[in-house]
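Asks: Quick note: our numbering has the sequence shown finishing at residue 303, numbered continuously throughout.
Glycine included, every Cβ here is placed at the ideal spot set by N, Cα and C.
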Amino acid sequence: MKRLTSGPLSGCLLSLALLLQGCAAHSQENVATAPVADGRTGDGPGLWKVADEDTTIYLFGTVHALPDSVDWYQGPIESALAETQELVTEIPSSETQDPASQQMVMSKAILPADQSLREMLSDSDRTTYEAALTKLDMPPAAFDRFEPWFAGMTLSVLPLIKAGYSAESGVEAKLEQLAPASAARGALETMEWQIGLFDSLPKESQTAFLMVSAENIDRIVPMMDSMVAEWLAGDADGLAELMNEGLTDPALADALLYKRNENWAEWINTRLERPGTVFIAVGAGHLAGQKSVQDYLTQRGLTVERVQ
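1) Looking at the strands, I want to know which residues DSSP matches up with Ile190.
2) For the putative contact between Pro135 and Glu125, defined by C-beta atoms under 8 Å, what is the C-beta separation to the nearest angstrom?
3) Using the Cβ count rule (16 or more neighbours within 10 Å means buried), how would you classify Ile105?
4) Can you give me the C-alpha to C-alpha distance between Glu73 and Glu114, rounded to a whole angstrom?
5) Can you find at least 3 beta carbon pairs, one from the region 71 to 89 and one from the region 155 to 170, that sit closer than 8 Å?
6) Arg113 lies in the beta strand (DSSP E); which residues open and close that run?
7) By Cβ distance below 7 Å, which residues in the same chain neighbour Gly271 in space, the five residues on each side in sequence not counted?
8) Arg180 by DSSP, collapsed to three states: which one?
9) Rounded to whole angstroms, what's the CA-CA distance from Gly181 to Leu237? Just pull it up for me.
10) Roughly how many whole angstroms lie between the Cα atoms of Lys254 and Val288?
11) When you compare only the Cα positions, how much space is there between Glu78 and Leu183?
12) What span of residues does the alpha helix (DSSP H) with Ile156 cover, start to end?
13) Just the C-alpha distance for Val45 and Thr298, rounded to the nearest angstrom, thanks.
14) If I measure Cβ to Cβ from Trp259 and keep anything under 6 Å in the same chain, skipping five residues before and after, which residues do I get?
15) Quick one: give me the first and last residue of the alpha helix (DSSP H) that Phe319 is part of.
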């Protein structure tokens, strides 16, 4: 399998890794402010809509964790959310705080008793991995009992937590607070399904994920800062390049992005059969680049209009 760059790790994997924040206790310090990229106007994150005679569905690309100082809620986003009758996210917000969900994650993340994570690594990978743990002030045996996907996700999120990123300041958390109390809440997937997506990967694929985190431990925060800057500037193409360019393995790209995008487009197409106003919030990487949700909607003969 080809090794991945840090792009998909910080994009696709990070979207789930940040849901594991409660499973990886770590202090927060030195809150970071993600700057708007040079030369960008900062017009705001991308917002699209699909509509027919009696249904309007907004599509909003999110960043699942942000520094507290990032201001994005204004203009068309605020107006669209204020009128929505249904807020739909990737997974139910209640699952991220549910102790039963965290217990489910941990039960899937534990290796069999006769296995050890570091014993699964080659000598060179083990050296790189242990060096990354040292940079995080963690002992070499910190994740010996865990599967590679869990260790890789946790390594990817810890530098961000230290830099001031948090799920509590992320877009989904804010949308839950700001959406009308009367609006129904829905989800496209479950946390158990998302965890199963990674838990079912072959061990060599899981190890590749882990090594992306380890090899790029010093680049995770700068990469995320850049993605937030592109997101704030409303540059969907630039964001897609940063988030998805490293998904060079066709099977992996299909599992993480394309099949899910196609499934979500089908959900939207079906939802148009019922009247109402819906606000869908999913990771920004799903609404950018080739085979995005918008591409699959267009294939179904639907018109997607960019609102912001």
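Replies: The relevant details are as follows:
1) Here residue 190 corresponds to residue number 195 of the sequence shown, with the count starting at 1. Beta-bridge pairing links Ile190 to no other residue.
2) If you number the sequence shown from 1, residue 135 lands on position 140. If you number the sequence shown from 1, residue 125 lands on position 130. Contact holds; Cβ gap of about 5 Å.
3) Position 110 of the sequence shown, counting from 1, holds the residue named residue 105. Classification for Ile105: exposed.
4) What you label residue 73 is simply residue 78 of the sequence shown in a count that begins at 1. What you label residue 114 is simply residue 119 of the sequence shown in a count that begins at 1. C-alpha separation (whole angstroms): 51 Å.
5) yes
6) Stepping through the sequence shown from its first residue, residue 113 is reached at position 118. That residue, Arg113, is in no beta strand (DSSP E); it is neither H nor E in DSSP.
7) Counting from one through the sequence shown, the residue named residue 271 turns up at place 276. Contacts found: Thr50, Gln80 and Glu81.
8) Counted from its first residue, the sequence shown places residue 180 at position 185. Arg180: strand per DSSP, three-state reduction.
9) As a position in the sequence shown, residue 181 is number 186, starting the count at 1. As a position in the sequence shown, residue 237 is number 242, starting the count at 1. Computed Cα separation, rounded: 29 Å.
10) For the purposes of this step, residue 254 is taken as residue 259 along the sequence shown, with counting starting at 1. For the purposes of this step, residue 288 is taken as residue 293 along the sequence shown, with counting starting at 1. Spanning the two alpha carbons is a distance of roughly 10 Å.
11) As a position in the sequence shown, residue 78 is number 83, starting the count at 1. As a position in the sequence shown, residue 183 is number 188, starting the count at 1. Computed Cα separation, rounded: 21 Å.
12) The sequence position of residue 156 within the sequence shown is 161, counting from 1. Start and end: Pro143 to Lys157.
13) Working through the sequence shown from its first residue, we reach residue 45 at position 50. Working through the sequence shown from its first residue, we reach residue 298 at position 303. About 6 Å.
14) Sequence index remark: in the sequence shown, residue 259 carries index 264 (1-based). These residues qualify, in order along the chain: Leu183 and Val288.
15) A question about residue 319 goes unanswered here, because the residues of the chain that appear run from -4 up to 303.
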